[in-house]
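Protein chains in written order, with our numbering: chain A, 1 to 538; chain B, 1001 to 1341.
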């Protein structure tokens, strides 16, 4: 009697723990407020099982340090610093329980559940967000060097179409034929200078939109870079501008040394400029930054200052009218307000230590995830019903006990997933359904053993005891070997497959408990209640 | 009380040569498919781009094909996925579509552009997009191969510890057979080899091993129980004794696998196919590969059995039991094996 009571207490505790782990509870998520467009906290009640991205929809990104523009010596360090920046950005991005983690040494995993727009996610995560302020080429050093650069290009044998069209130019292949014709005619005065038109301020040059890729390929050449004045660098404008009828792109010659960078930035926000209703990003500098900034601007009154973000000049460089202190703003032109708030966000979080490249991107829509859950649960229910029919049809009362244990098996497995915070993925769901079929194996082994013992003429009680005892070896060996393969799968797999391995492992442990311990207890209770039983319903 | 195969006494091992020919034939067919057509790797392994989208109504794939060609995606495959209105565009790295880390994302963007042009913006829904760079693909290939090999090593070690090396070797041979047969099946069915399918293969390994262990466990027990029988008879007896269990467990597993195959949707389907086949090959190999191989190994390297209880006198008349052995006389089995030849 006491033995049964102890067993029941253990089972009761397991059931209570599983149920407690599965009770729906409040979770805080950040959602976008429909009215104001800002992020706010919101609480939802839900069953605390983590769903993988393949079930709830979302974006998975794997990023590495971009080594294509020169090797980065310590990628592990760069990725660690990038992780902090990306985490800060993502926390404000507005998604439920975002995942930002380092995988292996040099890879960063970002998972945004529920997010649908991969382009926006990529932009937030990948943007270097390096902000700098540079004075334009007030002494026209670049213009003076142009004849020399033209000479370099001529000596390199470049005339007209010349320089191999860049990869981007190839993509937009249609324009190259036209470009060839234009440049061949204008070749005589100088390859580069013929393509540049003086802009409205010193250091500003305008390039016709259809020519800018060609100009870009020219100024990227090593011999051209060598012929450039050492204190001057070239930067493109961020947007196409129309001056008169034709679209142009601005090319700026700016000082090689920035007067200040985004490291000194402490605040940034987004709003509309009341005068022209275009979005702007006002920012505030730290006290140190403000001191440097006001000193520098005092020295450059009357000069033009380019605001450069990730190597592109934002808007038209304003003239410095007087000393500027801690506050400034970036004009976004005709871009939507969303982009301004995303820019403010990445500026606040700081710049990435190195550019990141996406090596793996997966996006799954919420509806596909919901369909997967629906189909998986349906398959599970049908599978369970079939197993119940087979078990009760074949083993009668004993089968019914096994089915009762199977219910507990499902409870324990789900409870285990919730309790340890493991993630349920679509393959995991499939693995769970499959494991229901395999979970009764232990009971089948035990029942067949009991039948054999009964055929050998053992008494009911002895047959049950021996049946359990003799089946244990096979149960343990087979389950341990399955756990071993599942562990290997976990070790080498990624996201969804790891979810499968975890579900399998928890399922096996739960099935050992339910099929052996719980069923044994039920048998003991049954035998105790019916001591006069002659034939076992098995 | 229903009992399947209650007093079965089939001579399974007798048919081993037929079984070898059968499985050899299946593998040969698989090998021919493997050589001529290769495996249909998913982009997880090859690197590349996959875009799944739903359209409001059925559209001929030829129309979509044309739209893709227009944006320069000549090398991409397009096919129906599950339902009539659900499509998948897949471009592996190495096909003529755009290349490199950024290229895989450019392809996905190009698919959206093609759909905007052909069916119009807002008239389609992209439900899944994957862009896998070449590096990740190569890594996964290595990992998948590692996982399968590692599972063999671990299995061999575990069985060597729990049973004896001969049992372990026989089980690993049977399991290797299952992996080869399953790959043959995947190749013939032209299933897409994704990470989930590799997971299924490993699950088949675990399941088949499980089945082999159940039989070997009985063999180990019967070797101690029936000292006068040779291994051939013991193997047959053990397979027959575990037959009801096999029928029941495979029955419940097939039931849940079929439920997955029919109901759980297109993503899980390749997994369910592999599992369905795996249940058959796992059962087959436990009886017709593991047992005969154990017999063969024992003939080549005769020696002590798992517990050192007695010498295996394989096909020769059993030697008298060692006098130091446990004195308990074996209970006469109701179906004590009869010499078969």
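C-beta: ideal position from N, C-alpha, C; glycine also.
- Judged by DSSP secondary structure, residue 1225 (chain B) falls within the alpha helix (DSSP H) whose first and last residues are 1195-1225.
- Of B:1225, B:1232, B:1214, the smallest CA-CA separation from residue 476 (chain A) is found for B:1214.
- Residue 304 (chain A) counts as buried, since at least 16 other C-beta atoms from the protein chains shown sit within 10 angstroms of its C-beta.
- Excluding sequence positions up to five before and after residue 1179 (chain B), its CB lies within less than 7 Å of the CB of 1148, 1201, 1205, all in the same chain and listed in chain order.
- Taking the Cβ atoms as the reference, residue 364 (chain A) lies roughly 13 Å from residue 61 (chain A), outside the contact range of under 8 Å.
- Nearest neighbour of residue 1302 (chain B) by Cα position, chosen from B:1073, B:1231, B:1266, turns out to be B:1231.
- Counting C-beta pairs closer than 8 Å gives three or more between the region 420-437 of chain A and the region 496-503 of chain A, which meets the contact rule.
- Residue 327 (chain A): member of the beta strand (DSSP E) spanning 327-331, first to last residue.
- Under the DSSP assignment, residue 110 (chain A) falls in the beta strand (DSSP E) whose first and last residues are 107-113.
- By the criterion of a C-beta distance shorter than 7 Å, residue 1241 (chain B) is surrounded in its chain by 1218, once the five residues flanking it on both sides are discounted.
- Within the region 1264-1280 of chain B, the residues whose Cβ lies closer than 8 Å to some Cβ of chain A are 1264, 1265, 1267, 1268, 1271, 1272, 1275, listed in chain order.
- Under the DSSP assignment, residue 1058 (chain B) falls outside any beta strand (DSSP E); it carries neither an H nor an E label.
- Taking a contact to require three or more Cβ pairs closer than 8 Å, the region 1012-1019 of chain B and the region 1044-1056 of chain B do not qualify as touching.
- A contact is defined here as three or more CB-CB pairs under 8 Å, and the region 505-518 of chain A fails this definition with respect to the region 1172-1187 of chain B.
- For residue 360 (chain A) against residue 123 (chain A), the beta-carbon gap comes to about 17 Å, at or over 8 Å, which does not count as contact.
- Chain B places a beta carbon closer than 8 Å to that of residue 438 (chain A), counting this residue as a contact.
- Within the region 355-403 of chain A, the complete beta strand (DSSP E) segments at least 3 residues long are 356-364, listed from N- to C-terminus.
- Contact with chain B is absent for residue 422 (chain A), since none of that chain's Cβ atoms lies less than 8 Å from the residue's Cβ.
- Rounded to whole angstroms, residue 416 (chain A) and residue 1270 (chain B) show a C-alpha spacing of 27 Å.
- By the Cβ test, the region 14-26 of chain A is not in contact with the region 520-530 of chain A, since fewer than three Cβ pairs between them sit closer than 8 Å.
- In this structure, the beta-carbon distance from residue 57 (chain A) to residue 366 (chain A) falls below 8 Å.
- If you draw a straight line from the Cα of residue 511 (chain A) to the Cα of residue 1158 (chain B), it is about 21 Å long.
- A straight line joining the alpha-carbon of residue 71 (chain A) with that of residue 101 (chain A) spans about 23 Å.
- Taken through DSSP and simplified to helix, strand or coil, residue 198 (chain A) comes out as strand.
- Residue 236 (chain A) is bridged by DSSP to A:251, A:312.
- Nearest CB-CB separation between residue 1253 (chain B) and chain A: below the 8 Å threshold.
- Taking 7 Å as the Cβ-Cβ cut-off, the region 393-404 of chain A approaches chain B at 394, given in chain order.
- Not flagged as an interface residue toward chain B: residue 503 (chain A), since no C-beta distance is shorter than 8 Å.
- Per the Cβ contact rule, the region 131-142 of chain A is in contact with the region 243-256 of chain A (3 or more Cβ pairs under 8 Å).
- Using beta-carbon distances, residue 473 (chain A) counts as an interface residue toward chain B, with a partner under 8 Å.
- For the pair of segments examined, the region 238-246 of chain A was found to touch the region 206-226 of chain A: the number of CB pairs separated by less than 8 Å reaches three.
- The Cβ atoms of residue 1105 (chain B) and residue 1045 (chain B) lie no closer than 8 Å to each other.
- DSSP, reduced to helix, strand and coil, places residue 101 (chain A) within a strand of the structure shown.
- Interface with chain B (8 Å Cβ-Cβ cutoff): residue 47 (chain A) is excluded.
- Taken through DSSP and simplified to helix, strand or coil, residue 496 (chain A) comes out as helix.
- Taking a Cβ-Cβ threshold of 9 Å, none of the residues of chain B is close to residue 293 (chain A); the smallest such distance is about 36 Å.
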